[in-house]
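Only one structure is covered here, and it is reproduced in the block below.
Protein chains in written order, with the working numbering: chain A, 1 to 117; chain B, 118 to 223.
And the structure:
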């Protein structure tokens, strides 16, 4: 099971930190990813971290502004989001996958981020 | 970047109909292709991975086929529970989703 938290209303230019807790599986054995979905749109990959944090990847749309991290001891995944714009408004999901080049087998329920003044 | 294009955008069919959704990749993705089902207000759920492998618990009326750049998702006999939006996803180079196909019951 994956449970996201931290979503809220934030002003443009602001920062926000999302978290995702994993349970019921061996968290450290899985790659973890953030995916977002803007209202009425399809899912958009945001950021991914490998099992041992040595490998991280970011979508061009968030590179330099967002930072993904994980704490395998706490079974947690985080997304630090800075310099937020209205285009970042979306439901943010965390998802797990067994390796880099693989589909997302389990998703959380999502947490809503609204960037607006 | 690899772009994924789905067709049609919306599909209306009767219960029991055979339904086919197409997904095209802008370059070859070999067999790194998945399909997801998303019901209203819910997170996407994995249906099929590696083009044609059914995720555990997914009904056998769902099937996938294709290779390289052209792929299809087929629902052999549409059921009311299949009302949803379906997305293809490539994971050959990072991860990209199609724009979705909304399936409605006629």
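Where is the CB? At the ideal position from N, CA and C, for every residue including glycine.
Quick caveat, the model's predicted, so the values are computed rather than measured.
query = Based on Cα-Cα distance, which residue from B:185, B:189, B:118, B:193 lies nearest to residue 205 of chain B?
reply = The sequence position of residue 205 of chain B within the second chain is 88, counting from 1. The shortest C-alpha separation from residue 205 of chain B is found at B:189.
task = Answer yes or no: do residue 20 of chain A and residue 100 of chain A have a C-beta to C-beta separation smaller than 9 Å?
result = Along the first chain, one-based indexing puts residue 20 of chain A at 20. Along the first chain, one-based indexing puts residue 100 of chain A at 100. No, the pair does not count as a contact, with Cβ atoms beyond the cut-off.
query = Straight-line CA distance for residue 68 of chain A to residue 134 of chain B?
reply = If you number the first chain from 1, residue 68 of chain A lands on position 68. If you number the second chain from 1, residue 134 of chain B lands on position 17. Going from the Cα of residue 68 of chain A to the Cα of residue 134 of chain B covers about 44 Å.
message = Along the chain, where does the beta strand (DSSP E) containing residue 122 of chain B start, and where does it finish?
response = By 1-based counting over the second chain, the position of residue 122 of chain B is 5. First-last of the beta strand (DSSP E) with residue 122 of chain B: 121-124.
request  = Establish whether the CB of residue 105 of chain A and some CB of chain C are separated by less than 9 Å.
outcome  = In the displayed structure, chain C is absent; the protein chains listed are A and B.
query = Where residue 172 of chain B and residue 117 of chain A are concerned, what is the direct C-alpha to C-alpha distance, given to the nearest angstrom?
reply = Here the question's residue 172 of chain B lines up with position 55 in the second chain. Here the question's residue 117 of chain A lines up with position 117 in the first chain. Each residue's alpha carbon lies about 42 Å from the other.
inquiry  = If you measure between the beta carbons of residue 85 of chain A and residue 115 of chain A, is that distance less than 9 Å?
reply    = As a first step, residue 85 of chain A must be located in the first chain, where it is residue number 85. As a first step, residue 115 of chain A must be located in the first chain, where it is residue number 115. Their beta carbons are under 9 Å apart, which means residue 85 of chain A touches residue 115 of chain A by this criterion.
query = For residue 210 of chain B, does the count of other Cβ atoms within 10 angstroms reach 16, so buried, or fall short, so exposed?
reply = Stepping through the second chain from its first residue, residue 210 of chain B is reached at position 93. Exposed, since its Cβ has fewer than 16 Cβ neighbours within 10 Å.
inquiry  = I need the boundaries of the beta strand (DSSP E) containing residue 56 of chain A, first residue and last residue.
reply    = One-based indexing of the first chain puts residue 56 of chain A at position 56. Residue 56 of chain A -> beta strand (DSSP E) spans 56-58.
inquiry  = Assuming contact is defined by CB atoms lying nearer than 9 Å, are residue 167 of chain B and residue 149 of chain B in contact in what I supplied?
reply    = For the purposes of this step, residue 167 of chain B is taken as residue 50 along the second chain, with counting starting at 1. For the purposes of this step, residue 149 of chain B is taken as residue 32 along the second chain, with counting starting at 1. Yes, Cβ-Cβ distance for residue 167 of chain B and residue 149 of chain B is below 9 Å.
task = Could you tell me the distance, in whole angstroms, from the CA atom of residue 45 of chain A to the CA atom of residue 130 of chain B?
result = Taking the first chain and counting its residues from 1, one reaches residue 45 of chain A at position 45. Taking the second chain and counting its residues from 1, one reaches residue 130 of chain B at position 13. C-alpha of residue 45 of chain A to C-alpha of residue 130 of chain B: approximately 30 Å in a straight line.
Nearest-angstrom Cα separation, counted from residue 97 of chain A out to residue 145 of chain B = Within the second chain, residue 145 of chain B is the residue found at index 28, counting from 1. Within the first chain, residue 97 of chain A is the residue found at index 97, counting from 1. Using only the alpha carbons, I get a separation of about 22 Å.
request  = Measure from the C-beta of residue 214 of chain B to each C-beta in chain A and report whether the shortest distance is under 9 Å.
outcome  = Locating residue 214 of chain B in the second chain gives position 97, where the first residue counts as 1. Closer than 9 Å: yes.
query = Residues of chain A with a CB under 7 Å from the CB of residue 163 of chain B: which are they?
reply = Indexing the second chain from 1 puts residue 163 of chain B at position 46. What residue 163 of chain B touches in chain A: 103, 104, 105.
query = Is residue 87 of chain A helix, strand or coil when you go by DSSP?
reply = Taking the first chain and counting its residues from 1, one reaches residue 87 of chain A at position 87. It is helical.
ask   = For residue 136 of chain B, does the count of other Cβ atoms within 10 angstroms reach 16, so buried, or fall short, so exposed?
value = Reading the second chain from its first residue, position 19 is the one you call residue 136 of chain B. Its Cβ being crowded by 16 or more others within 10 Å, residue 136 of chain B is buried.
query = Helix, strand or coil: which one does DSSP assign to residue 43 of chain A?
reply = Translated into the one-based positions of the first chain, residue 43 of chain A becomes position 43. In this structure, DSSP gives residue 43 of chain A an extended state, which the three-state scheme calls strand.
ask   = I think residue 111 of chain A touches residue 18 of chain A, with their Cβ atoms under 8 Å apart; what is that distance to the nearest whole Å?
value = Reading the first chain from its first residue, position 111 is the one you call residue 111 of chain A. Reading the first chain from its first residue, position 18 is the one you call residue 18 of chain A. Indeed they touch by this definition, with Cβ atoms about 6 Å apart.
inquiry  = Quick check: what's the CA-CA separation for residue 224 of chain B versus residue 184 of chain B?
reply    = Nothing about residue 224 of chain B can be reported from this structure: the residues present for chain B run from 118 to 223 only.
query = For residue 144 of chain B, which residues in chain A fall below 9 Å Cβ to Cβ?
reply = Your numbering for residue 144 of chain B matches position 27 in the second chain. Under the 9 Å cutoff, chain A gives no residues; its nearest Cβ is about 15 Å from residue 144 of chain B.
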